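Beneath this line is the structure, given in structure tokens, with notes to follow.
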Amino acid sequence: MNEIEQLRAWINECEPGRMVFFGGAGVSTESGIPDFRSPDGLYAQKYGDVSPEEMISRTYFDKHPERFFDFYFDRMIARDAQPNRAHLKLAELEEAGTLSAVITQNIDGLHQKAGSRNVLELHGSVLRNYCMHCGRFFDLDEMLVLREAAADGVPRCPDCGGIAKPDVVLYEEGLDDCTVQASVNAIRSADLLVIAGTSLAVYPAAGLIDFFAGDHLVIINLAPTPRDRYADLCISAKVGEVLGY
Ligand SMILES: [Zn+2]
Numbered sequence: 000m001n002e003i004e005q006l007r008a009w010i011n012e013c014e015p016g017r018m019v020f021f022g023g024a025g026v027s028t029e030s031g032i033p034d035f036r037s038p039d040g041l042y043a044q045k046y047g048d049v050s051p052e053e054m055i056s057r058t059y060f061d062k063h064p065e066r067f068f069d070f071y072f073d074r075m076i077a078r079d080a081q082p083n084r085a086h087l088k089l090a091e092l093e094e095a096g097t098l099s100a101v102i103t104q105n106i107d108g109l110h111q112k113a114g115s116r117n118v119l120e121l122h123g124s125v126l127r128n129y130c131m132h133c134g135r136f137f138d139l140d141e142m143l144v145l146r147e148a149a150a151d152g153v154p155r156c157p158d159c160g161g162i163a164k165p166d167v168v169l170y171e172e173g174l175d176d177c178t179v180q181a182s183v184n185a186i187r188s189a190d191l192l193v194i195a196g197t198s199l200a201v202y203p204a205a206g207l208i209d210f211f212a213g214d215h216l217v218i219i220n221l222a223p224t225p226r227d228r229y230a231d232l233c234i235s236a237k238v239g240e241v242l243g244y
């Protein structure tokens with residue numbers, strides 16, 4: 000039995016609702032969403048010596064909203080991205096009753112687009128945006144319209160003029176307690192935990208997997224991770240290739 004067959008066998012054997020998926024940026028790369036942390040050749044030209052992490056920190060957002068939104072709309076929004084085989088398979092497994100939750104570090108909303116319902120978004124979503132002053136909600140399309148309408152490119156609430164902030168967890172901001180707690184609960188009650196497309200380097204998200212006490216821990220990632228030695232199965236491949244059977 001090869002690695003993918005082994006994973007498939009564990010999924011097939013899994014009791015209803017006892018599988019949980021935890022995914023990172025690698026789940027969305029096959030949908031054409033680049034990892035914003037990997038600067039390319041154009042990056043230095045455009046953003047100078049400000050690192051991507053600094054760019055999407057709360058301090059930078061508060062100090063330089065025009066530059067923050069330039070980076071944000073340029074590097075973090077992919078309007079036309081579509082779910083890939085991994086997203087679709089996970090939605091199918093939830094529909095079939097096997098998978099109880101998708102926990103994701105991604106902010107692109109592609110799991111929901113694929114049909115997944117119980118999606119725990121640790122880092123928020125670009126699809127939700129709120130006026131920082133009055134709390135009015137804006138979807139992504141509305142954000143793009145507000146950005147177009149603004150001379151400085153900063154989307155502002157038409158009601159009160161407050162800045163419309165993406166519901167995305169910036170560096171220096173804490174994760175949402177309810178989402179973290181729900182993720183801990185899901186992982187605690189899982190028999191099969193599949194972690195995919197993440198280097199497991201970012202805390203506190205990476206620490207969540209310490210709550211797993213089930214039978215099979217599977218890691219799918221192109222590069223080795225610090226947690227590989229705790230896994231029952233490590234598959235070095237693209238997530239969509241592994242799940243898209
Ligand atoms: Zn407002």
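Numbering (numbering that gives the first Met the number 0), first residue to last: 0 to 244.
The C-beta atom is built at its ideal place from N, Cα and C for all residues, glycine as well.
Computed from a prediction, not measured in an experiment: that's the story for all the values here.
State the DSSP-derived secondary structure class of residue i, mapped to helix, strand or coil.
{"i": "L197", "result": "Residue identity check: residue 197 is Thr in the sequence provided, not Leu. Looking at T197 - three-state DSSP - the assignment turns out to be coil, as it is neither helix nor strand."}
{"i": "Y46", "result": "helix"}
{"i": "R116", "result": "coil"}
{"i": "V101", "result": "strand"}
{"i": "A95", "result": "coil"}
{"i": "S235", "result": "coil"}
{"i": "R155", "result": "strand"}
{"i": "Y59", "result": "helix"}
{"i": "Y202", "result": "coil"}
{"i": "F68", "result": "helix"}
{"i": "F210", "result": "helix"}
My guess is that residue i and residue j are in contact by the Cβ rule of under 8 Å, so how many angstroms apart are they, rounded?
{"i": "L232", "j": "V217", "result": "5 Å"}
{"i": "G16", "j": "S99", "result": "4 Å"}
{"i": "R84", "j": "E171", "result": "Rounded, the Cβ-Cβ distance is 35 Å, inconsistent with contact."}
{"i": "V125", "j": "M54", "result": "Contact doesn't hold; Cβ gap of about 15 Å is too wide."}
{"i": "R155", "j": "L145", "result": "6 Å"}
{"i": "Y46", "j": "F70", "result": "6 Å"}
{"i": "V153", "j": "F68", "result": "5 Å"}
{"i": "I3", "j": "I234", "result": "7 Å"}
{"i": "I32", "j": "D107", "result": "6 Å"}
{"i": "P82", "j": "S30", "result": "7 Å"}
I need the boundaries of the beta strand (DSSP E) containing residue i, first residue and last residue.
{"i": "S124", "result": "G123 to C130"}
{"i": "L216", "result": "H215 to I219"}
{"i": "K164", "result": "A163 to V167"}
Terminal residues of the continuous alpha helix (DSSP H) containing residue i?
{"i": "M0", "result": "No alpha helix (DSSP H) holds M0; DSSP gives it neither H nor E."}
{"i": "C177", "result": "D176 to R187"}
{"i": "F21", "result": "No alpha helix (DSSP H) holds F21; the beta strand (DSSP E) holding it covers M18 to G22."}
{"i": "L143", "result": "L139 to A148"}
{"i": "V51", "result": "The question names Val, but residue 51 is Pro in the sequence shown. Counting along the chain, the alpha helix (DSSP H) containing P51 begins and ends at P51 to M54."}
Select from the options the residue whose C-alpha is nearest the C-alpha of residue i.
{"i": "A113", "options": "A80, D140 and T97", "result": "A80"}
{"i": "H215", "options": "L192, S235 and T58", "result": "L192"}
{"i": "C130", "options": "P165, P203, G123 and H110", "result": "P165"}
{"i": "G239", "options": "P157, H110 and F67", "result": "H110"}
{"i": "A103", "options": "A181, R7, A230 and V241", "result": "Per the sequence shown, the amino acid found at residue 103 is Thr instead of Ala. The shortest Cα separation from T103 among A181, R7, A230 and V241 belongs to A181."}
{"i": "E65", "options": "E91, A163 and P157", "result": "A163"}
{"i": "L119", "options": "L92, V19 and V49", "result": "V19"}
{"i": "S115", "options": "G134, L92 and S124", "result": "L92"}
{"i": "L169", "options": "G123, A189, A205 and D73", "result": "G123"}
{"i": "N105", "options": "G96, A77, D69 and F136", "result": "A77"}
{"i": "V201", "options": "G213, L174 and A212", "result": "L174"}
{"i": "F21", "options": "T224, D227, I186 and A212", "result": "I186"}
{"i": "A205", "options": "A236, E12, N11 and G23", "result": "G23"}
{"i": "K88", "options": "N220, I10, P225 and S188", "result": "I10"}
{"i": "V179", "options": "E12, Y59 and L121", "result": "L121"}
{"i": "H132", "options": "V101, H63 and P157", "result": "P157"}
{"i": "A212", "options": "T224, A222 and V183", "result": "V183"}
{"i": "S188", "options": "S27, P225 and T97", "result": "T97"}
Would you say residue i faces chain B, with C-beta separation under 8 Å as the test?
{"i": "I55", "result": "The chain labelled as chain B is not found in the depicted structure, where only one protein chain is given."}
Heavy atoms of ligand 1 versus C-beta positions, residues under 5 Å
Answer in sequence order: C130, H132, C133, R135, C156, D158, C159 and G161.
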